[in-house]
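Before any comments, here is the structure.
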Amino acid sequence: MGSDLLVFAYGSLIFDPELPEAVSNHYWARLDGFARRFNKRSPVRGVVTAESWADDPAASLAFVSRDHADSLAMGLEPSPTAHVVGRVLVYPKSVASNLIARLDAREGYHRGEPLSHSGYVPVVRPVHRLGDGAALDALLYLSNAESSLILPPSVPDHERAGILVAATPRHPGTRPAGVDYLAALRRSLATGGIFDPALERQARAVANLGPTWAARVGLPPRPEAAPDATS
Numbered sequence: 004m005g006s007d008l009l010v011f012a013y014g015s016l017i018f019d020p021e022l023p024e025a026v027s028n029h030y031w032a033r034l035d036g037f038a039r040r041f042n043k044r045s046p047v048r049g050v051v052t053a054e055s056w057a058d059d060p061a062a063s064l065a066f067v068s069r070d071h072a073d074s075l076a077m078g079l080e081p082s083p084t085a086h087v088v089g090r091v092l093v094y095p096k097s098v099a100s101n102l103i104a105r106l107d108a109r110e111g112y113h114r115g116e117p118l119s120h121s122g123y124v125p126v127v128r129p130v131h132r133l134g135d136g137a138a139l140d141a142l143l144y145l146s147n148a149e150s151s152l153i154l155p156p157s158v159p160d161h162e163r164a165g166i167l168v169a170a171t172p173r174h175p176g177t178r179p180a181g182v183d184y185l186a187a188l189r190r191s192l193a194t195g196g197i198f199d200p201a202l203e204r205q206a207r208a209v210a211n212l213g214p215t216w217a218a219r220v221g222l223p224p225r226p227e228a229a230p231d232a233t234s
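In our numbering, the protein residues as written are 4 to 234.
So this is what it looks like as structure tokens:
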């Protein structure tokens, strides 16, 4: 293991890893003290406005311009009592330099520039492998609270849901965007039997926007209230 580079994937890297041909092993592991949150404004995970659902009544126009509907990408928020289960991707050290450069570019980390210019920052944190509980140091990219791209924790899930709806493409492409990104992450976690409470709350907030969005995110729609028997 000492000759390997471990990357802790908790968002799109789970279903779309960097340098997938170089991954020599992978397994689920737990990171303590954080919770998942769609908390970073992301043009990459959005769509051009003409192909978006920005005109849907459920959509939020907060990040919609004439030309583009920006979305939200997955991040982590500190939460002392929470934990995140993600996938550790094991790479040989021979690809480390290339891999880190690619991850920096993908995650918007700009080495040598002021920290506020980066949406995520790379850190090494201990994670615990599921099954045997082994503690391992892994590289991961944390949401950067100093970045203007990061939403404050006070923004409720229903507002985030509207942003995801607006940035969802009418005709899905090869790279999941908007609500499709959330759905892809849920499916990937489900392959390992992983249930993430914070992610499910966000998925439910999307499903509550109507049957179209419940189906898109992979949840049943909110039940309609029963009629009042006294009326």
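Glycine included, every Cβ here is placed at the ideal spot set by N, Cα and C. This structure is a prediction, so every number in the text was calculated from the model and none was measured.
ask   = So H131 is in the beta strand (DSSP E); what residue range does that whole segment cover?
value = Y123 to R132
query = Tell me which same chain residues have a C-beta within less than 6 Å of the C-beta of A187, skipping the five on either side of it?
reply = F18 and P179
key: Spatially closest choice to P81 from T171, D183, L192 and N147, by CA coordinates   = N147
query = Which same chain residues, not among the five before or five after G165, have their C-beta less than 8 Å away from its C-beta?
reply = Within the same chain, G165 has close Cβ partners A61, A62, S63, A65 and L212.
key: 9 Å Cβ cutoff met for Y94 and A25   = yes
query = Would you report the Cα separation of H113 and R225, rounded to the nearest angstrom?
reply = 42 Å
Three-state secondary structure (DSSP) of I153 = strand
request  = Helix, strand or coil for P95, going by three-state DSSP, please let me know.
outcome  = It is a strand residue.
query = Smallest Cα separation from I197: which of A217, Y13 and P159?
reply = Closest option to I197, Cα to Cα, is Y13.
ask   = Residues in its own chain within less than 6 Å of S6 by CB, not counting five upstream and five downstream?
value = K96
key: Contacting residues, own chain, Cβ-Cβ under 6 Å from D35 (five flanking each side not counted)   = H86
ask   = Secondary structure at W31, three-state DSSP: helix, strand or coil?
value = strand
ask   = Can you tell which of T171, V130, W31 and F11 has its C-alpha closest to the C-alpha of T194?
value = W31
key: Residue environment, V21, which counts as buried when at least 16 other CB atoms sit within 10 Å   = Position check: residue 21 holds Glu in this sequence, whereas Val was assumed. Classification of E21: buried, given that the 10 Å Cβ count is 16 or more.
Terminal residues of the beta strand (DSSP E) in which V158 lies = Premise fails: V158 is in no beta strand (DSSP E) and is neither H nor E.
ask   = Among residues of its own chain, excluding the 5 on either side of S121, which ones have a beta-carbon nearer than 7 Å to its beta-carbon?
value = G111, Y112, H113, N147 and S150
ask   = Leaving out the 5 sequence neighbours to the left and right, which residues in its chain are closer than 6 Å to S15 when beta-carbon positions are compared?
value = none
request  = Within 10 angstroms of the Cβ of N28, are there 16 or more other Cβ atoms? Answer buried if so, exposed if not.
outcome  = exposed
query = Residues in its own chain within less than 7 Å of A217 by CB, not counting five upstream and five downstream?
reply = A210, P223 and P224
ask   = In this structure, does DSSP put R189 in helix, strand or coil?
value = It is helical.
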